[in-house]
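Every number in the numbering used here is 25 more than the matching position in the sequence shown, counting from 1. For glycine and all other residues, C-beta sits at the position ideal for the given N, C-alpha and C. Being a predicted model, the structure only gives us computed values, none of them experimental.
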Amino acid sequence: MKRKFLFLLIFLLTFNLFACPTSFRAEASQSEFKSLLDERQIDCWVEGEIFGDLILGSRGTIQFIYLDAKLSKAISAEQGLSPWVDDLNQYFGSSETKKKVLFIANLEANKPWTVEEKKISVGGYHLTKKDVVSSSWKNPFGTVDAGTSWQFAFVVPQDKVKPGTDIMVGYGDDLIKWKVPK
């Protein structure tokens, strides 16, 4: 009986020694992922009025995510992300992205909205239909109803998104200054 108790105690101690560093690594990995995402995400409120920390009356939001090799690898390894992030990550490294920079976007409409590609701007470059690489049935272009959300992937020329530079990203006149990660 004492042997079984001693064996169980040794087993539990050994298990804890190996399990704890694994859980710390998982927390560090999530922290690294969040840091990568924070550097690469731009939130644009369209037609909203700033009131302190609030945005009032916006037509909607577009969440732009700059998808480079570091973030793509982190997305592949991360569990529990929104399905659209995993789905659009598939475009990284595809033939459409050669000599171009990939962005994925989540658009949420608060009011009815006619979304136009040419009003999306990254580094002074305005999108065309050819720049949108995700399936057309997933794209929000045209009339979008209030309360809906859409996700899509698009590319821009590399010379518009140079690492370490500040560029403007947004929709129409609603542009956000963003520093491209190195």
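Strand pairing of Asp191, partner residues [DSSP]: Here residue 191 refers to the residue found at position 166 of the sequence shown. Paired residues: Lys204.
Entirely enclosed alpha helix (DSSP H) segments - the segment 63-131, minimum 4 residues: 94-102 and 108-114
Nearest-angstrom Cα distance between Gly189 and Pro165? Taking the first residue of the sequence shown as position 1, residue 189 is located at position 164. Taking the first residue of the sequence shown as position 1, residue 165 is located at position 140. Each residue's alpha carbon lies about 30 Å from the other.
Rounded separation between Ala94 and Pro137 - CA only: Residue 94 sits at position 69 when you count from the first residue of the sequence shown. Residue 137 sits at position 112 when you count from the first residue of the sequence shown. Distance between the alpha carbons of Ala94 and Pro137 is about 35 Å.
Where Glu141 falls: helix, strand or coil (DSSP): The count along the sequence shown starts at 1 and reaches residue 141 at position 116. Coil at Glu141, not helix or strand.
I need the DSSP call for Asp198, collapsed to helix, strand or coil. On the sequence shown, residue 198 is found 173 positions in, with the first residue counted as 1. Reduced to three states, the DSSP call for Asp198 is coil.
For Val181, tell me which candidate among Ser60, Thr122 and Lys204 has the shortest Cα-Cα distance. Taking the first residue of the sequence shown as position 1, residue 181 is located at position 156. Cα-wise, what sits closest to Val181 is Thr122.
Can you tell me which of the three DSSP states Phe58 falls into? If you number the sequence shown from 1, residue 58 lands on position 33. Phe58: helix per DSSP, three-state reduction.
If contact is defined by three or more beta carbon pairs under 8 Å, each pair taking one atom from either stretch, is the segment 79-97 in contact with the segment 128-142? yes
What span of residues does the beta strand (DSSP E) with Thr168 cover, start to end? Walking along the sequence shown from the start, residue 168 turns up at place 143. Thr168 -> beta strand (DSSP E) spans Gly167 to Val169.
Through-space distance from Leu106 to Leu152, alpha-carbon basis: Along the sequence shown, read from residue 1 onward, the residue named residue 152 stands at position 127. Along the sequence shown, read from residue 1 onward, the residue named residue 106 stands at position 81. The alpha-carbon atoms of Leu152 and Leu106 are separated by roughly 27 Å.
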